[in-house]
Every structure is written in structure tokens, then in C-alpha cells.
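Count along the sequence shown from 1, then add 261; that gives the number in this note's numbering. We put the CB at the ideal spot given by N, CA and C, even for glycine. Data first, discussion second: the structure below is written as C-alpha cells.
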Amino acid sequence: MSYTKLFEKGKIGRLELKNRIVMPAMGCSLASSTGEASQEMITYYAKRAKGGAGLIITEITRIDDETGIGTPNQLSVTDLKHIPQLTRLAEAVHAYNTKIFVQLHHPGNQTPSRLLHGKQIVSASDVTCSVIGEKPRALTTEEVEGLVKKFVFGAYVAKAAGIDGVELHAAHGYLLDQFMSPHTNKRTDRYGGDFLGRMRMITEIIKGIQATCGPTYPISVRMDGAEYISDGIDQAEGIKIAKYLESLGIQALNVSCGTYESGYTIVEPAMLKEGWKADLARQIKANVSIPVIAVNTIKHPAFAESLLEEDVCDFVGIGRGFLADAEWGTKAQKGQDLYIRKCIGCLECFRILNTLRPVECTLNPLLGREYHWDHLHKTGQHRKVAVLGGGPAGMEAAIVLAKRQFDVTLFEATDKLGGTMNLAAIPPHKELLGEFVETMAAQVEEAGVQVVYNTKATPEDLKEAGFEAIFMAIGGQPIVPNLPGIDQAITAESVLKGEHDLHDQKIVIIGGGVTGLETAETLAKDNQVTVIEMANQVGTTLYASYRGVLLKEMHDMGITIKTEHRLTHIEDHQVYTKHGDEDVAFEADTVVLAMGVKPKREALEDFEKVFDQVILLGDTDHPGQIREALHSAYDRAFVFDLG
262 MSYTKLFEKG
272 KIGRLELKNR
282 IVMPAMGCSL
292 ASSTGEASQE
302 MITYYAKRAK
312 GGAGLIITEI
322 TRIDDETGIG
332 TPNQLSVTDL
342 KHIPQLTRLA
352 EAVHAYNTKI
362 FVQLHHPGNQ
372 TPSRLLHGKQ
382 IVSASDVTCS
392 VIGEKPRALT
402 TEEVEGLVKK
412 FVFGAYVAKA
422 AGIDGVELHA
432 AHGYLLDQFM
442 SPHTNKRTDR
452 YGGDFLGRMR
462 MITEIIKGIQ
472 ATCGPTYPIS
482 VRMDGAEYIS
492 DGIDQAEGIK
502 IAKYLESLGI
512 QALNVSCGTY
522 ESGYTIVEPA
532 MLKEGWKADL
542 ARQIKANVSI
552 PVIAVNTIKH
562 PAFAESLLEE
572 DVCDFVGIGR
582 GFLADAEWGT
592 KAQKGQDLYI
602 RKCIGCLECF
612 RILNTLRPVE
622 CTLNPLLGRE
632 YHWDHLHKTG
642 QHRKVAVLGG
652 GPAGMEAAIV
662 LAKRQFDVTL
672 FEATDKLGGT
682 MNLAAIPPHK
692 ELLGEFVETM
702 AAQVEEAGVQ
712 VVYNTKATPE
722 DLKEAGFEAI
732 FMAIGGQPIV
742 PNLPGIDQAI
752 TAESVLKGEH
762 DLHDQKIVII
772 GGGVTGLETA
782 ETLAKDNQVT
792 VIEMANQVGT
802 TLYASYRGVL
812 LKEMHDMGIT
822 IKTEHRLTHI
832 EDHQVYTKHG
842 DEDVAFEADT
852 VVLAMGVKPK
862 REALEDFEKV
872 FDQVILLGDT
882 DHPGQIREAL
892 HSAYDRAFVF
902 DLG
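Have a look at this one:
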């Protein structure tokens with residue numbers, strides 16, 4: 262398919278862009294400990310430039326070392342010493358005719374004091390962000406004036422380094438938004454009060470940048486079309502802000518929405534569909550004449566094209582899409598949509614960042630360490646390697662091994678690739694996992710891997726055929742505890758496979774992990790469902806906003822969740838549990854076990870007798886989520902050596 266609008270040239274001010282694709286700012290925590298652009302960060306952005314982004318906007322970039330630290334290993338423009346590495350970053354991106362902006366940022370009350378070395382966090386007023394849970398102090402008038410100068414100095418550093426423009430982060434509840442929003446700005450000095458007072462800080466920053474860097478140096482403002490919080494910026498106020506910012510002579514508006522307190526509106530889980538907030542950008546574009554960049558949970562190139570065709574925006578922001586696949590743009594331009602690993606909205610990227618680690622992606626083991634691929638050792642010499650199992654781990658290992666020039670055959674016991682991902686794609690909102698299976702299968706074929714279906718290969722047959730090593734990725738099997746009456750239960754796996762006709766029943770699901778919760782959603786349409794979990798909460802491996810939306814949906818579907826209940830036995834359509842010292846029974850027509858999986862290793866000993874190298878992957882090695890399966894498979898295939 263041809264995407265005419267998506268790959269049409271565009272302009273932000275006088276700056277010409279090769280297409281309409283913008284990679285918006287996303288935290289990556291890849292800078293050095295002192296804030297320089299590290300080689301890892303430079304390579305990370307360069308790969309997205311090579312992969313088709315017309316404009317890249319860096320992660321939130323620190324303008325103040327005292328109160329403005331938002332993440333560990335954050336890019337910084339607080340000192341002239343940062344210029345050399347920023348210049349290298351700009352040059353790396355420019356090599357692919359891609360432009361780059363630095364996003365200037367201060368977190369305000371949306372950062373923990375531990376990142377400020379124990380200093381109290383600051384804000385426009387002493388309004389606490391409920392997510393952070395720490396009371397900030399209101400900045401003095403003199404401190405606000407000082408921060409204005411630091412934003413301007415940050416822009417000066419960026420321009421001196423050869424950066425093409427800057428973006429002011431005035432959205433998502435960060436400091437500039439805290440001054441603009443009546444929810445957080447209760448000031449009585451000139452930086453508070455009426456609309457113009459609340460806009461004064463960003464006004465002074467914009468005018469300062471124009472005076473320092475020149476009136477045509479591109480300035481974009483990332484703003485909220487709406488905050489989705491009480492007494493915050495609503496859609497009408499968002500339009501008013503956009504028109505005012507345009508009057509100041511900025512070159513672009515980057516429209517997003519939400520704050521930490523509105524949760525999922527900033528980083529949407531899989532439940533929110535592509536384009537759910539398109540109207541925010543559409544209304545702002547209808548009221549301004551400068552370019553509008555819009556993020557809209559975009560997964561597919563065709564949807565991005567439609568936003569441009571329908572005049573929703575002038576540029577599309579492809580954020581997590583570029584995390585999942587650095588070549589999102591070039592693959593779209595070549596019509597290779599099938600080969601794009603499309604973000605599945607699991608929010609693992611944000612969960613990992615919240616643990617103060619560099620960003621990771623479930624689907625992309627290379628994220629944050631793109632330099633690995635430049636050092637891929639193609640030492641396979643076409644020696645024969647077998648991969649047993651066509652789930653995510655098996656497919657990822659097969660792809661990497663084939664690209665390392667091993668002769669790879671993948672043996673799959675069923676008639677299709679995907680393994681348990683095929684089951685994981687069945688519950689509501691998991692359709693993108695099904696697309697990911699198709700993408701991986703296409704990449705397996707593209708890599709030149711031979712796939713043999715409906716086959717359980719024996720060690721003797723493989724040895725005779727000349728294979729020298731085995732990658733075993735045959736999955737796991739459901740955990741079934743040795744408890745009285747357990748034979749009366751069925752497994753979540755068998756439910757998702759469609760082996761049971763379950764309608765108008767009282768169903769009790771044992772286990773409140775991801776599988777248990779999603780199985781509950783799958784069954785709730787036609788049944789009365791209760792989830793029993795022995796821990797004090799369910800869905801503990803999920804990112805908070807994903808978990809919150811999922812639990813709300815489950816509540817709305819009438820699903821009952823009981824935590825701190827330990828299964829003791831099943832008898833006569835009753836599930837017996839221990840809740841503290843209390844015995845509690847639940848009526849059940851059907852009991853479903855979702856208590857996790859254990860490795861399948863029955864054949865391991867036989868293979869180890871025949872082969873010197875048997876490498877375990879995925880659930881066969883250590884049961885976990887898709888991210889663990891893909892990443893460990895990539896790592897082991899990357900370093901594998903036959904000797």
C-alpha cells in the first residue's frame with residue numbers, strides 16, 4: 262500500500278522535513294550519569310532516523326540540576342559541556358536527512374525527592390500530585406525567573422550543538438503545565454491568577470528563546486488538549502491556550518493530553534483504540550494556522566495516513582511504534598506493513614522505566630542497545646542448528662541465528678507458529694498479539710529459516726540429519742497443585758483453546774495473574790465469574806495504568822475478585838479457601854486453574870545424552886511473560902558459539 266500523505270514533505274517554520282512522521286519525546290534513560298548523550302543514546306536515535314522518522318524529539322531533557330531531575334540518566338542541557346555529545350547526536354540523526362529537536366523539561370511536582378537527592382520537590386503552588394504523594398513547595402517569584410533563564414539557556418545550548426529546534430514540554434502535568442493549569446496554579450503573584458498570569462512563565466520562556474536563538478529558530482510546544490482532571494484544563498481551555506501560543510510566534514503545537522493523576526490518558530494501555538483522542542488535535546488544528554503534531558496511539562501506517570487525509574493533524578507522532586520497531590517508517594514506505602512489529606500496548610516500557618532502569622520493549626530486545634546489531638557475529642558458517650518449538654522464544658532465536666548465518670530449522674509440533682501467544686491473543690483487546698504472531702512468522706520466513714510443522718523431532722533423528730546444537734523452546738505446562746478434588750478443575754489453557762462450552766455458569770478462576778484475569782474477561786460475557794488470588798492484589802506484573810483500566814473493566818463486567826484467599830480443596834461444586842483464619846467456600850459449576858506454568862523438560866535428558874549443546878529458551882527455561890521469552894532468546898542466540 263502506498264502512503265502518499267505520510268511521506269509527503271512538510272515544514273515546521275522554515276525547517277523542511279522529509280515526511281510527516283515525528284518520533285515524539287519518550288523517556289529512555291540512556292544518557293550518561295552526567296547528562297551527556299551517550300553512544301547508546303546516539304545509536305538509539307540514529308536507528309530511528311534511519312528507520313524513517315522525519316523529525317525526532319529527544320526525551321525529556323533537564324534544564325535544572327537542582328529541582329528538575331525527572332529520570333535517572335537523563336539528557337541535560339544545563340552546561341556548555343553537553344554541547345560536544347549533543348553535536349554528535351545531531352550529526353548522527355542528520356546523516357539520514359532527519360531533523361532533531363531537544364525537548365526542554367522540568368517535572369515540577371511529578372518527580373520523587375529521591376531523584377533530587379532528598380530535596381523537596383517544587384511546583385507552581387503547594388499542590389500535591391497524588392501519584393507521587395509528596396507535598397511540593399511553591400517556587401518563589403525569583404526562582405521562577407531563574408528557571409525561565411534556564412529554559413532559555415537550554416535552548417541556547419541546543420542551538421549551539423546544531424540541534425534543529427526545541428520543544429517546551431507544557432503537557433502531562435509537568436512544571437510548565439502546572440503553571441498553566443488552574444488545578445495546580447494557586448499563585449497570587451504575576452505568575453498566577455488569570456489566564457495571562459498562568460501563561461506568563463511559558464510566555465517569558467518563548468520570548469527569551471526568540472531573543473537568544475533568533476525569531477525563526479523552531480519552537481514547538483507540547484500541550485494538553487485536555488487534562489482530564491477536575492478544575493484542570495478542559496478542551497475549550499486547550500483551544501484557547503493553542504491560539505495564544507500561536508500568537509507568540511511559535512512554529513508548531515504537539516497535542517497530547519492528561520497528567521499523572523489522569524493516568525492512562527498519557528500512556529494508553531491496549532484497551533484504548535487507535536485515534537481515541539483524535540478530536541483534541543482536530544479541534545486545535547481547526548483553530549490555528551501553524552502545524553499540529555498529534556499522538557494518537559498509532560500502531561498502523563494506514564491509520565496514520567487516515568489522520569493526515571482527514572485533516573486531524575499535519576504531522577503524526579509515532580512514539581511507542583518506534584520503540585517496538587526502529588524501522589517503522591522505512592517499512593511503511595516500502596509497503597512492508599506485515600513486517601512491522603507493532604506496539605501491543607502492554608506498557609512494559611513504562612513499567613521498566615518506573616523501576617529506574619533504561620527503557621525496554623516487550624517486542625524489541627534491541628531497544629536501548631541497538632549497537633548490538635552492528636556487532637552481530639555472522640560466524641555460523643551454515644552449520645546446522647535445530648530450534649524446537651515455534652513460540653515467541655523459538656521464533657526469535659531462529660531469526661537471530663539465521664541472520665548469524667547458521668543453517669536453522671525450526672520444528673513445530675502443531676500446524677502453526679506462535680505457541681501460547683495464539684492463546685494470549687484471544688482475550689479482549691489482545692488482537693495486536695495475533696498480528697505480532699503473523700509478523701514474527703513472516704520474519705522467520707524472511708530470515709531463511711526452514712519450518713517443519715506437525716513434527717516432534719527426536720534427538721537421534723536430528724543427530725543423524727547433521728544438526729550440531731539444539732535450542733529447546735517447547736514451552737511450559739500448567740501448574741496443577743496436589744490438592745483434594747483438583748481433578749475436578751480445568752486449566753485456563755484448555756479454556757482459551759475452546760475445549761469447553763461454558764455458558765450460564767458460576768465459574769471460579771484460581772489465580773489472579775495476567776492469564777487468570779484475561780481468562781475471566783473472556784468468560785464473563787456469558788458467565789458469573791469469580792477470581793481467587795492468594796496474594797493481596799491481582800495483576801502484580803502489570804504497569805499501574807494498564808492494571809487500573811483492566812480492573813475497572815472487570816468490575817464493569819461484574820467479575821468478583823477475592824484476594825488473600827488460598828485454595829485448600831474442591832468438593833461438590835464448592836471451592837474451599839483459607840482467608841486468614843477463616844474458611845471460605847465459593848459455589849462453582851466450573852473451576853479454572855490459572856496458577857502459572859512450569860517448564861516442559863521431559864525430553865531434556867534424552868537430548869543432552871546426544872548433543873553437547875542444548876540451550877533452553879522461554880518457558881522451557883524459566884516461565885515468564887513474552888518479554889522475558891523474547892529477550893532471553895535473543896540474548897542466547899546472539900552469543901551462541903559452536904566452538
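For residue 336, no alpha helix (DSSP H) segment is defined, and its DSSP state is neither H nor E. Straight-line spacing of the CA atoms in residue 866 and residue 735 works out to 14 Å. By the Cβ criterion, the segment 876-885 is not in contact with the segment 636-645, since fewer than three pairs of Cβ atoms, one from each stretch, lie closer than 8 Å.
Membership of residue 403 in the alpha helix (DSSP H) is indicated by the continuous run 402-421. Per DSSP, the beta-bridge partners of residue 384 are 399. The straight-line gap separating the alpha-carbon atoms of residue 402 and residue 786 is approximately 57 Å.
By the criterion of a C-beta distance shorter than 6 Å, residue 615 is surrounded by no residue of its chain, once the five residues flanking it on both sides are discounted. Fully contained in the segment 858-901 are the following beta strand (DSSP E) runs of length 3 or more, in chain order: 858-860 and 875-877.
In the structure shown, residue 615 falls within a helical segment according to DSSP collapsed to helix, strand and coil.
Residue pairing of residue 828 in beta bridges, as defined by DSSP: 838.
For residue 846, no alpha helix (DSSP H) run applies; the uninterrupted beta strand (DSSP E) run containing it begins and ends at 843-848, by DSSP. Rounded to the nearest angstrom, the Cβ distance from residue 424 to residue 364 is 11 Å, too far for a contact under 8 Å.
Runs of the beta strand (DSSP E) lying entirely within the segment 665-725 and spanning at least 3 residues, in chain order: 668-672 and 711-713.
By the criterion of a C-beta distance shorter than 8 Å, residue 744 is surrounded in its chain by 828, 829, 830 and 831, once the five residues flanking it on both sides are discounted. In this structure the segment 770-777 lies against the segment 850-861, because at least three pairs of beta carbons, one per stretch, are closer than 8 Å. Per the C-alpha coordinates, the member of 872, 757 and 561 positioned closest to residue 263 is 561. When the alpha-carbon of residue 327 is set against those of 340, 431 and 318, the nearest one is in 340.
In the three-state DSSP reduction, residue 728 falls in the coil class, being neither helix nor strand. Of 486, 537 and 478, the smallest CA-CA separation from residue 510 is found for 478.
By the Cβ-count criterion, residue 804 is buried, with 16 or more other Cβ atoms from all chains shown falling within 10 Å of its own Cβ.
Note on geometry: alpha-carbon atoms of residue 796 and residue 822 lie some 12 Å from one another. A straight line joining the alpha-carbon of residue 298 with that of residue 351 spans about 10 Å. DSSP, read as helix, strand or coil, puts residue 268 in coil. Pairwise C-beta distances place the segment 463-474 out of contact with the segment 538-554, as fewer than three of them are shorter than 8 Å. In this structure, DSSP gives residue 660 a helical state, which the three-state scheme calls helix. Excluding the 5 residues flanking it on each side, residue 396 has same chain C-beta neighbours closer than 7 Å at 387 and 389, in chain order. Assigned with DSSP and collapsed to three states, residue 365 falls in strand. Counted as a single uninterrupted DSSP element, the beta strand (DSSP E) harbouring residue 483 occupies residues 480-485. Rounded to whole angstroms, the Cβ separation of residue 284 and residue 314 is 4 Å, and the two are in contact under 8 Å. In the displayed model, residue 356 falls within coil according to three-state DSSP, outside both helix and strand.
Counting only runs of 4+ residues, the alpha helix (DSSP H) found wholly inside the segment 519-552 occupies 539-546, in chain order. The three-state reading of DSSP puts residue 793 in strand, counting E and B together. Classified as exposed, residue 714 has fewer than 16 neighbouring CB atoms from the shown chains inside 10 Å of its CB.
Take the alpha-carbon of residue 707 and the one of residue 657: they are about 13 Å apart. At the C-beta level, residue 305 and residue 631 come within 8 Å of one another. Within the segment 751-799, the runs of alpha helix (DSSP H) that reach at least 4 residues and sit entirely inside it are, in chain order, 753-757 and 775-785.
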